[in-house]
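Asker: These protein sequence lines map, in sequence, to chains A and B.
Counting in my numbering, the first sequence runs from 1 upward without gaps.
Counting in my numbering, the second sequence runs from 1 upward without gaps.
Beta carbons are placed, not taken as given, at the ideal position from N, Cα and C, and that holds for glycine.
Protein chains: 2
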Amino acid sequence: MTSKWPDLVNFNTAGLVSVIVQQHDSGEVLMLAWMNLDAVRETLATGRLCYFSRGRKTLWRKGEQSGQVQHLIELRIDCDGDALLALVDQTGVACHTGRRSCFFTSMTKDGSAQVGQALIDPGKLYG
Amino acid sequence: MTSKWPDLVNFNTAGLVSVIVQQHDSGEVLMLAWMNLDAVRETLATGRLCYFSRGRKTLWRKGEQSGQVQHLIELRIDCDGDALLALVDQTGVACHTGRRSCFFTSMTKDGSAQVGQALIDPGKLYG
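Given below as structure tokens:
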């Protein structure tokens, strides 16, 4: 059970795999992002989370603008190889809104409600 | 901040949104799956997790064959509306291999290692 990791990942037709990002000690799910082969390779080599931005179509080194970097604790892959789980140590906040997690809105049958508070002014994150 | 939930979800061009599934009390990430509009609606209406199977192209009521159902505690959506986080109470195991979580393989620069043990014989799950 020591396959090389590139043999395990089933990238989709766009060459991407989805990545769940979880704070390693608290268990809080911070965000969902995407990686291509280069992003996985860079993340494992440097220990800093690097994604592929589908909007900008380029590698996105988390925190390069905002300083809110993520250090890799462990990278796991699921049973059919089409999703990764990154256990990280998040500096500051993961969300561009200044909240710790991107998942701050709760949905119900009849509406929705915000469950997370901003910890940092987003204007300060991106100057 | 009480938008109706269908206005919040940005389904992709295939009409799907990804769903991270997390055990509500332990914080363990169990699996990643997909929902279409009908699956979100059924999940919120019944309180039992219902997905869209991309392989079978049909609604997939988790546990309908295996008995390993998931009860919904809370459904959250992320800041840009293209990912959901389902906090659930998982009966038994989430993974078809008999493991609690689908994320039982750890990737490193040089290889990989299994970190989760099967709790149930998969042959017993699917008869």
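(1) What in chain B is Cβ-close to LYS4 of chain A, meaning under 7 Å?
(2) Give the straight-line distance between the Cα atoms of ASP121 of chain A and ASP25 of chain A, rounded to the nearest whole angstrom.
(3) Given ARG54 of chain B, which residues of its chain have a CB within under 7 Å of its CB, disregarding the five upstream and five downstream residues?
(4) Near GLY47 of chain A, what residues of its chain come up, given a Cβ to Cβ distance below 7 Å and the 5 sequence neighbours on each side ignored?
(5) Looking at the unbroken alpha helix (DSSP H) that takes in ALA45 of chain B, where does it start and where does it end?
(6) Sorted by chain position, which residues of the same chain lie with C-beta nearer than 6 Å to VAL19 of chain B's C-beta, five sequence neighbours on each side aside?
(7) With 8 Å set as the bound, which would you pick, yes or no: does the beta-carbon of GLY123 of chain B sit closer than that to a beta-carbon of chain A?
(8) I'd like to know whether the C-beta atoms of LEU8 of chain B and ILE77 of chain B end up nearer to each other than 8 Å.
(9) Just the C-alpha distance for VAL29 of chain B and PHE104 of chain B, rounded to the nearest angstrom, thanks.
(10) In the structure shown, what three-state DSSP assignment does ASP82 of chain B receive?
(11) Taking GLU64 of chain B as the reference, give the member of B:LEU44, B:ALA94, B:CYS79 with the closest Cα.
(12) Give the interface partners of ARG56 of chain A over in chain B, defined as CB-CB distance under 7 Å, in chain order.
(13) Quick one: measure Cβ to Cβ for VAL115 of chain B and VAL21 of chain B, integer angstroms, because I've assumed they're closer than 8 Å.
(14) Within a Cβ cutoff of 6 Å, which residues of the same chain sit near PHE11 of chain B, ignoring the five residues on either side of it in sequence?
(15) In terms of residues, what are the limits of the alpha helix (DSSP H) holding LEU125 of chain B?
(16) So, LEU44 of chain A versus LEU75 of chain A, is the Cβ gap smaller than 8 Å?
(17) I want to see whether chain A comes within less than 8 Å of ILE120 of chain B, judged by CB atoms only; does it?
(18) What number of angstroms, rounded off, separates the C-alpha of ASP110 of chain B from the C-alpha of ASP110 of chain A?
(19) Apply the 10 Å Cβ neighbour rule to LEU199 of chain B and answer buried if 16 or more other Cβ atoms are within range, or exposed otherwise.
(20) Please identify the residue among A:LYS62, A:LYS4, A:GLY27, A:MET31 whose C-alpha is closest to the C-alpha of ALA39 of chain A.
(21) Thinking just about the alpha-carbon of each residue, which of B:ARG56, B:LEU49, B:THR58, B:GLY81 is nearest to the one in LYS4 of chain B?
(22) From GLY27 of chain A to GLY27 of chain B, what does the alpha carbon distance come to, in whole angstroms?
(23) Can you tell me the Cα-Cα spacing of CYS79 of chain A and SER106 of chain B, whole angstroms?
(24) Please check if any C-beta of chain A sits within less than 8 Å of the C-beta of ILE50 of chain B.
(25) So, for ALA113 of chain B: in the same chain, excluding its five sequence neighbours on each side, which residues have a beta-carbon less than 6 Å away from its beta-carbon?
(26) Would MET107 of chain B count as contacting chain A if we go by Cβ distances under 8 Å?
Answerer: Let's see:
(1) GLY111
(2) 25 Å
(3) TRP34
(4) HIS71, LEU72
(5) 37–46
(6) ALA33, MET35, LEU84, ALA86
(7) no
(8) yes
(9) 11 Å
(10) coil
(11) B:ALA94
(12) Chain B residues near ARG56 of chain A: none, gap ~14 Å exceeds 7 Å.
(13) Contact flag wrong, Cβ pair sits at about 18 Å.
(14) VAL17
(15) 122–125
(16) yes
(17) no
(18) 49 Å
(19) The structure shown has nothing for residue 199 of chain B, since chain B only spans 1 to 127.
(20) A:LYS62
(21) B:GLY81
(22) 5 Å
(23) 11 Å
(24) Here residue 50 of chain B turns out to be Cys, not Ile, going by the sequence shown. No, no contact with chain A.
(25) SER106
(26) yes
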